[in-house]
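Right, one structure below, let's go through it.
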Amino acid sequence: MDKLILGRYIPGDSMVHRLDPRTKLMASFYYIAIIFLANNWQSYLLMFVATMVMIMLSKVKLSFFLRGVRPMIWLIMFTVALQIFFTKGGHTYWSWGWLAITQFGLTNGAFIFMRFVLIIFISTLLTLTTQPLSLADAVESLLKPLRVIHVPVTELALVLQIALRFVPTLMDQTTKIMNAQRARGVDFGTGNLFQQMKAVVPLLIPLFVDSFGIAEDLATAMDARGYQGGDNRTKYRVLQYHRSDATAAIVMVALTGLLVFLRA
Amino acid sequence: MANAIDISHLKYSYPEATKPALNDVSFVVPAGEWWAIIGHNGSGKSTLAKNINGLLAPESGSVTVAGMPLTEQTVWDIRAKVGIVFQNPDNQFVGATVADDVAFGLENRAVPRDEMLTRVHDALVAVNMQDFATREPARLSGGQKQRVAIAGIVAQRPDIIILDEATSMLDPAGRLEIIDLIKQLRQQQSLTVLSITHDIDEAAGADHVLLLDDGQVKEIGTPAEIFQHGEALLQLGLDVPYPEKLKNALAKRGVHMPAGYLDEEGLAKALWTLHSTM
């Protein structure tokens, strides 16, 4: 589990960490969208340099980002291979039946590779520098207009918050149950796929039963503390834009302008 | 002073149960007192707590809390006056951080944010957890989690705190820590405390003890009065406090022991003066 980079938060106090989570969320989506504008090596170079600068500003080690790419590497390689073998045009270096490696194929392959890596880098940057809870707040804040069409945004945000809050609790519970079942002779993680799946059953059932117990207790506690649902609640955590958020927005616009100028 | 809790002829049955969980329960807790409610598992202790703040609705009888009769109209006001600390520290944590959790009850009552900030901070200071405000609950010890739960209640400025076996999942040190904290808060904020407990040592420190058996009030009295029936307590499935057990065992061996309930200190005194002729 520790190897998983996506969704991990690395505490820090960099410029990127301090940005409002809404800014980071919107900027990440925007950045991913404008990557698709790049179509020559100049524009890709620009996006690459911009990404690297952002990563440097976050003061998170580059190795974290490289590890973020690792689980996706087969998907990337597969897509790149498709591009290389099936794009026709320009000088042909090698061909065999309907497969051919051409000049256009190679450049397209390189571009697709860059696009993938940059998208992964930027989404990794978002999650590495933003606490899940702040992201949940950002989603709530950005979705607030949907309340007009009766989407229960506040409740959904609370659900999300409670889910995040119980991740470590349920992990602890899982470890406890695994140890208890191991003590009774259950063998986790060995044998063929079927045996491994069977071993999960004595883990899942107690975990499920436990979760219902926890939910019941939690509901009682929330009730006792005066939770009545709805939008008539005040908020302890509030998000506030600062000057740096405006700067980030301007940088995004400038980047777009430069990109449009550089692209073929 | 007025009465904090006034319960008369309370009856409650769980759906599909053959006999009531609480039957004809009546008692009055004067404001500012510390009451311990004892009784073995299934005697209706927790059901009683849930009836006091309207988490369960009584079948018959009346519940009056802080001068307000419990009805559908007053239930939210009463819940603001009564804070409950539950048994499992993990399962009552709503907020993703300590400060968030303390703020939860205030958010529910639409307390303005500025006021909320000071009240959350004050409450955390009151339970000595101010350094943990931004921590995640999962990284706290059991005692610390219960402290936070208490802070969440203190922030709401209640009149009454109910401890629903709040210390039963803690180690002895954590247990002592929480009881001391409640004692201290009670002094500072003149709270009424209702402590549901299995821990007789904790009950021994109360002003009054209410013994619940099979959904009925068996006895109400001071700890000294209640704990005199050593053997009878055992029959009710309760543990007699350690000094009392030792006293009874010594008495059985023919050692002359003073009558009446002895705490640890009292017993020590009785023992070292046993053969003293002065």
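Here the protein sequences line up with chains V and Z, keeping their order.
The numbering used here applies: residue 771 is where the first sequence begins, and numbers increase by one.
The numbering used here applies: residue 2 is where the second sequence begins, and numbers increase by one.
Just so you know, even glycine gets a beta-carbon here, dropped at the ideal spot from N, CA and C.
A quick note: this is a predicted structure, and the numbers were derived from the prediction, not measured.
**OP:** Return the chain-ordered list of same chain residues with a C-beta closer than 7 angstroms to the C-beta of Q931 of chain V, the five sequence neighbours on each side being excluded.
**Re:** On the first sequence, residue 931 of chain V is found 161 positions in, with the first residue counted as 1. Cβ-Cβ distances below 7 angstroms link Q931 of chain V to L903 and A906 in the same chain, with the five nearest sequence neighbours on each side left out; the list follows chain order.
Subject >> Run of the beta strand (DSSP E) containing V1030 of chain V, from where it starts to where it stops >> reply: The residue you call residue 1030 of chain V lines up with position 260 of the first sequence. Per DSSP, V1030 of chain V belongs to no beta strand (DSSP E); it is in the alpha helix (DSSP H), R1013 to L1032.
**OP:** Measuring only between beta-carbons, confirm whether G782 of chain V sits less than 9 angstroms from chain Z.
**Re:** Counted from its first residue, the first sequence places residue 782 of chain V at position 12. Not an interface residue.
Subject >> Strand pairing of V26 of chain Z, partner residues [DSSP] >> reply: Taking the first residue of the second sequence as 1, we reach residue 26 of chain Z at position 25. For V26 of chain Z, which the question treats as bridged, DSSP gives the partners Z:L11.
**OP:** Tell me whether Y863 of chain V sits in a helix, a strand or coil according to DSSP, three-state version.
**Re:** Here the question's residue 863 of chain V lines up with position 93 in the first sequence. In this structure, DSSP gives Y863 of chain V an extended state, which the three-state scheme calls strand.
Original post:
Is V66 of chain Z near I197 of chain Z, with beta carbons less than 9 angstroms apart?
Top reply: Stepping through the second sequence from its first residue, residue 66 of chain Z is reached at position 65. Stepping through the second sequence from its first residue, residue 197 of chain Z is reached at position 196. No, the pair does not count as a contact, with Cβ atoms beyond the cut-off.
**OP:** Could you name the residues of the region 973-985 of chain V whose beta carbon sits closer than 8 angstroms to any beta carbon of chain Z, in the order they occur along the chain?
**Re:** Of all residues in the region 973-985 of chain V, G983 and I984 have a Cβ within less than 8 angstroms of some Cβ in chain Z.
**OP:** Determine, using beta carbons only, whether I932 of chain V comes closer than 9 angstroms to chain Z.
**Re:** Here residue 932 of chain V refers to the residue found at position 162 when the first sequence is read from its first residue. For I932 of chain V, the nearest beta carbon of chain Z is closer than 9 angstroms to its own beta carbon.
Original post:
With a CB to CB cut of under 6 angstroms and the five nearest residues on each side skipped, what residues in its chain are close to Y863 of chain V?
Top reply: Translated into positions along the first sequence, residue 863 of chain V becomes position 93. If you ignore the 5 residues before and after Y863 of chain V, its C-beta comes within less than 6 angstroms of the C-beta of I871, all in its own chain and listed in chain order.
Original post:
What residues of chain V sit near P113 of chain Z, judged by a beta carbon separation below 8 angstroms?
Top reply: In the second sequence, residue 113 of chain Z corresponds to position 112, counting from 1. Per Cβ cutoff of 8 angstroms: T1004.
Original post:
Would a C-beta distance cut-off of 9 angstroms place I894 of chain V and F834 of chain V closer than the cut-off?
Top reply: The residue you call residue 894 of chain V lines up with position 124 of the first sequence. The residue you call residue 834 of chain V lines up with position 64 of the first sequence. It is worth fixing the name first, because residue 894 of chain V is Thr in this sequence and not Ile. Using a Cβ distance threshold of 9 angstroms, T894 of chain V and F834 of chain V count as a contacting pair.
Original post:
So, are the CB atoms of S61 of chain Z and K20 of chain Z less than 9 angstroms apart?
Top reply: As a first step, residue 61 of chain Z must be located in the second sequence, where it is residue number 60. As a first step, residue 20 of chain Z must be located in the second sequence, where it is residue number 19. No, the Cβ-Cβ distance between S61 of chain Z and K20 of chain Z is not below 9 angstroms.
Original post:
Which value, in whole angstroms, describes the spacing of the CA atoms of G859 of chain V and Y800 of chain V?
Top reply: Position 89 of the first sequence, counted from the first residue, corresponds to residue 859 of chain V. Position 30 of the first sequence, counted from the first residue, corresponds to residue 800 of chain V. Going by the C-alpha atoms only, they are around 32 angstroms apart.
Subject >> Where the alpha helix (DSSP H) through G838 of chain V begins and ends >> reply: As a working mapping, residue 838 of chain V is identified with position 68 in the first sequence. Run containing G838 of chain V: L832 to V839, per the alpha helix (DSSP H) assignment.
Original post:
Just the Cα atoms here: how many angstroms apart are D987 of chain V and H209 of chain Z?
Top reply: Here the question's residue 987 of chain V lines up with position 217 in the first sequence. Here the question's residue 209 of chain Z lines up with position 208 in the second sequence. Straight-line Cα distance between these residues: approximately 28 angstroms.
Subject >> Supposed contact pair L816 of chain V and L1029 of chain V - C-beta distance, whole angstroms, cut 8 angstroms >> reply: What you label residue 1029 of chain V is simply residue 259 of the first sequence in a count that begins at 1. What you label residue 816 of chain V is simply residue 46 of the first sequence in a count that begins at 1. The beta-carbon separation of L1029 of chain V and L816 of chain V, rounded to 6 angstroms, stays under the 8 angstroms limit for a contact.
**OP:** Mind listing the chain V neighbours of I85 of chain Z? Cutoff is C-beta to C-beta under 7 angstroms, in chain order.
**Re:** Within the second sequence, the letter at position 84 stands for residue 85 of chain Z. By Cβ distance, chain V contributes A994.
Original post:
Under a three-way DSSP split, which group does W35 of chain Z fall into?
Top reply: Within the second sequence, the letter at position 34 stands for residue 35 of chain Z. Secondary structure of W35 of chain Z (DSSP, three-state): strand.
**OP:** With DSSP collapsed to three states, give me the class of T960 of chain V.
**Re:** Here residue 960 of chain V refers to the residue found at position 190 when the first sequence is read from its first residue. Note: T960 of chain V maps to coil in three-state DSSP.
Original post:
Hey, is P16 of chain Z's beta-carbon within less than 9 angstroms of any beta-carbon in chain V?
Top reply: Reading the second sequence from its first residue, position 15 is the one you call residue 16 of chain Z. It does not: the Cβ of P16 of chain Z has no partner Cβ on chain V nearer than 9 angstroms.
Original post:
For the beta strand (DSSP E) that contains E220 of chain Z, what are its first and last residues?
Top reply: In the second sequence, counting from the first residue as 1, residue 220 of chain Z sits at position 219. Annotation: the continuous beta strand (DSSP E) that includes E220 of chain Z extends over Q217 to G222.
Original post:
Alpha carbon to alpha carbon, how far is K1005 of chain V from R778 of chain V?
Top reply: Reading the first sequence from its first residue, position 235 is the one you call residue 1005 of chain V. Reading the first sequence from its first residue, position 8 is the one you call residue 778 of chain V. A straight-line Cα-Cα distance of about 26 angstroms links K1005 of chain V and R778 of chain V.
Original post:
In chain Z, which residues lie less than 8 angstroms from T900 of chain V when you measure between Cβ atoms?
Top reply: Counting from one through the first sequence, the residue named residue 900 of chain V turns up at place 130. Within chain Z, no residue comes near T900 of chain V; the closest Cβ sits about 14 angstroms away, beyond 8 angstroms.
Subject >> 8 angstroms contact criterion, which F105 of chain Z and V95 of chain Z should meet: CB distance rounded >> reply: Start at 1 with the first residue of the second sequence, and residue 105 of chain Z comes out as number 104. Start at 1 with the first residue of the second sequence, and residue 95 of chain Z comes out as number 94. Your pair F105 of chain Z and V95 of chain Z checks out as a contact, with CB atoms roughly 5 angstroms apart and the cut at 8 angstroms.
Original post:
Would you report the Cα separation of I180 of chain Z and G838 of chain V, rounded to the nearest angstrom?
Top reply: Within the second sequence, the letter at position 179 stands for residue 180 of chain Z. Within the first sequence, the letter at position 68 stands for residue 838 of chain V. About 48 angstroms.
Original post:
Quick one: which chain V residues come within Cβ less than 7 angstroms of D91 of chain Z?
Top reply: Within the second sequence, the letter at position 90 stands for residue 91 of chain Z. The answer, in chain order, is T939.
**OP:** Evaluate the contact criterion for the region 119-137 of chain Z versus the region 164-176 of chain Z: three or more CB pairs, one atom per stretch, below 8 angstroms.
**Re:** Flag = no, the region 119-137 of chain Z and the region 164-176 of chain Z do not touch.
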